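Here the structure comes first, spelled out in structure tokens, and everything after it is commentary.
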Amino acid sequence: MLLLPPALALLVGVSFASASQITLSHTDRSNPDSFHAERRSLLNKYAGFAKRHFNSTGQHLDIVDLHYADKQKRASGKTSLRYNTYWTGSILVGSPPQPAPVVFDTGSSDLILDKSFYNPKKSLSANNLNTPFDFSYINLHVYGDIYSDHVAIGDVKADNVPIGHGREDFDGDLTGGKFGLSFSTAENSGFNVKQDPFIWAAKKQNPIQSSSFQFTLRRSGKATLNVGDVDHSELAGPISWADKNTDKSFWRTSVELNGNKIVELNVFIDCGARCVWSITPHTWRLCSS
């Protein structure tokens, strides 16, 4: 598995209802062990995906060494749901709309909100899907009930979006919830429902200006998420497009390290990562050569 942090502007080709931009806030907790904490968090996150995939399909998902992940988990103990650095924006859920701060995550697909920021009983458009969810995300046990409801990122709106409504609030480092922006598949989703997640529901329901979403991330200054359009003023030059993702699991792309192409398929773009992470033998050989 190889994880890539987003560059200044991350463009991913999907379709949205209309063009909109929201401002993101950046959180960076002071932690002398932040490098190792991030490694453990990401390892646990993808190990959780692999275990859920095996439990639901009986097939092994070759994205992480589960024996290594279990060994690291026993050695390090429990980790927080939140990374040491993350990007948060506000969305609107339900009718009338309920604002909720969420961490955007291109490495997963589910929208999960804690009970303090979303109350389906106060939404006229909420529909109980009578389907519970119960799984581990990173190293936190997340459980509750799945509803479908109206969701909006700025002016980009979609109906009948599945939402995991937590029965308990998340840990103290988390406010609001997690907004997954990846494909909804057995690999990276903990929901077992037929409803499309936000980005695909918006694609089907409405026309758009551009089939893209764009992260512009800055530690200081304005950080934004554009949906349905590209803000070319944020780009230093022309857009370079990566290889097409063909398996509809994670956002995968090919990369080069010191001029050598990484040959493994498991190259993911994850906005929850600050460093380039790899546990593949091929990458180790390149780094040591």
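Taken in order, the sequence shown gives residues -19 to -1, 1 to 270; the numbers are from mature numbering (1 follows the signal peptide of the UniProt record, and there is no 0).
Ideal placement from N, C-alpha and C gives every residue a C-beta, glycine not left out.
Note that the coordinates shown come from a computational prediction; the quantities given were computed from them, not determined experimentally.
Legend entry - 7 Å CB neighbourhood of residue 161 in its chain, flanking five on each side removed: Against the sequence shown, residue 161 aligns to sequence position 180. Excluding positions up to five away in sequence, the list reads 86, 89, 90, 91, 92 and 178.
Legend entry - Own chain, CB closer than 7 Å to residue 150, minus 5 neighbours either side, in chain order: One-based indexing of the sequence shown puts residue 150 at position 169. Cβ within range, chain order: 95, 96 and 97.
Inset, instruction - Using the Cα positions of residue 81 and residue 35, report the straight-line distance between them to the nearest angstrom. - result: On the sequence shown, position 100 is the one that residue 81 refers to. On the sequence shown, position 54 is the one that residue 35 refers to. Roughly 32 Å separates the two Cα atoms.
Legend entry - Reference residue 132, options 123, 126 and 142, closest by Cα: Residue mapping note: residue 132 aligns to position 151 of the sequence shown, counting from 1. Selected option, being the one with the closest Cα: 142.
Inset, instruction - Report yes if the C-beta distance between residue 206 and residue 73 is below 8 Å; otherwise report no. - result: What you label residue 206 is simply residue 225 of the sequence shown in a count that begins at 1. What you label residue 73 is simply residue 92 of the sequence shown in a count that begins at 1. The answer is no: Cβ separation not under 8 Å.
Inset, instruction - Using three-state DSSP, classify residue 2 as helix, strand or coil. - result: As a position in the sequence shown, residue 2 is number 21, starting the count at 1. Here residue 2 sits in strand by DSSP.
Inset, instruction - Determine the contact status of residue 70 and residue 180, defining contact as a CB-CB distance below 8 Å. - result: Indexing the sequence shown from 1 puts residue 70 at position 89. Indexing the sequence shown from 1 puts residue 180 at position 199. Not in contact: residue 70 and residue 180 (Cβ atoms no closer than 8 Å).
Inset, instruction - In the DSSP assignment, find the unbroken alpha helix (DSSP H) run with residue 186 in it and report its ends. - result: Sequence index remark: in the sequence shown, residue 186 carries index 205 (1-based). Residues 179 to 186.
Legend entry - Residue closest to residue 109, alpha-carbon to alpha-carbon, out of 123, 103, 127 and 100: The residue given as residue 109 occupies position 128 in the sequence shown. It is 127.
Inset, instruction - State buried or exposed for residue 222, treating a residue as buried only when at least 16 other CB atoms are found within 10 Å of its CB. - result: As a working mapping, residue 222 is identified with position 241 in the sequence shown. Exposed: under 16 other Cβ atoms inside 10 Å.
Inset, instruction - Can you grab the Cα-Cα spacing for the pair residue 79 / residue 147, in whole Å? - result: Counted from its first residue, the sequence shown places residue 79 at position 98. Counted from its first residue, the sequence shown places residue 147 at position 166. Straight-line Cα distance between these residues: approximately 15 Å.
Inset, instruction - Mind checking who residue 233 pairs with in its DSSP beta bridge? - result: Numbered from its first residue, the sequence shown carries residue 233 at position 252. Partner(s): 249.
Legend entry - Terminal residues of the beta strand (DSSP E) in which residue 206 lies: In the sequence shown, residue 206 corresponds to position 225, counting from 1. 204 to 208 is the extent of the beta strand (DSSP E) around residue 206.
Legend entry - Cα-Cα separation, residue 232 to residue 23: Sequence index remark: in the sequence shown, residue 232 carries index 251 (1-based). Sequence index remark: in the sequence shown, residue 23 carries index 42 (1-based). Their backbone Cα atoms lie some 15 Å apart in a straight line.
Inset, instruction - Tell me whether residue 105 sits in a helix, a strand or coil according to DSSP, three-state version. - result: For this step, residue 105 is matched to residue 124 along the sequence shown. It is coil, neither helix nor strand.
Legend entry - Buried versus exposed call for residue 217 [16 or more other C-beta atoms within 10 Å across all chains shown]: The residue given as residue 217 occupies position 236 in the sequence shown. The residue is exposed, with fewer than 16 neighbouring Cβ atoms inside 10 Å.
Inset, instruction - From the DSSP output, in three-state form, read off residue 23 for me. - result: For the purposes of this step, residue 23 is identified with residue 42 of the sequence shown, where counting begins at 1. The answer is helix: DSSP assigns residue 23 an H, G or I state.
Legend entry - CB contact flag (residue 183, residue 68, <8 Å): In the sequence shown, the residue the question calls residue 183 occupies position 202. In the sequence shown, the residue the question calls residue 68 occupies position 87. Contact flag unset, no.
Legend entry - Own chain, CB closer than 7 Å to residue 41, minus 5 neighbours either side, in chain order: The count along the sequence shown starts at 1 and reaches residue 41 at position 60. Once the five neighbours on either side are set aside, the close Cβ partners of residue 41 are 35.
Inset, instruction - Counting only runs of 4+ residues fully inside the stretch 120 to 146, write out the alpha helix (DSSP H) ranges in chain order. - result: none
Inset, instruction - State the CB to CB distance for the pair residue 130 and residue 1, rounded to an integer number of angstroms; the pair is presumed to be in contact (CB under 8 Å). - result: On the sequence shown, residue 130 is found 149 positions in, with the first residue counted as 1. On the sequence shown, residue 1 is found 20 positions in, with the first residue counted as 1. Between residue 1 and residue 130 the Cβ distance is about 19 Å, and since that is not below 8 Å, they are no contact.
Legend entry - Three-state secondary structure assigned by DSSP to residue 32: In the sequence shown, counting from the first residue as 1, residue 32 sits at position 51. Note: residue 32 maps to helix in three-state DSSP.
Inset, instruction - Compare the Cα-Cα distances from residue 187 to each of 202, 208 and 174 and report the closest residue. - result: Along the sequence shown, one-based indexing puts residue 187 at 206. The residue with the shortest Cα to Cα distance from residue 187 is 208.
Inset, instruction - Please name the residue in 114, 99 and 39 whose C-alpha comes closest to that of residue 171. - result: What you label residue 171 is simply residue 190 of the sequence shown in a count that begins at 1. Comparing Cα-Cα distances from residue 171 to each of 114, 99 and 39, the minimum goes to 114.
Inset, instruction - Could you name the residues that DSSP lists as bridge partners for residue 84? - result: Here residue 84 refers to the residue found at position 103 of the sequence shown. 69 and 159.
Inset, instruction - Counting only the same chain and skipping the five closest in sequence on each side, list residues whose C-beta sits under 8 Å from that of residue 83. - result: Here residue 83 refers to the residue found at position 102 when the sequence shown is read from its first residue. Around residue 83: 69, 70, 71, 72, 92, 94, 157, 158, 159 and 160.
Legend entry - Neighbour-count burial assignment, residue 251, 16 or more Cβ in a 10 Å radius: Counted from its first residue, the sequence shown places residue 251 at position 270. Flag for residue 251 reads buried.
Legend entry - Candidates 27, 125 and 195, of which the one nearest residue 220 by Cα: Within the sequence shown, numbered from 1, the residue matching residue 220 stands at position 239. Residue 195 is the option with its Cα nearest to residue 220.
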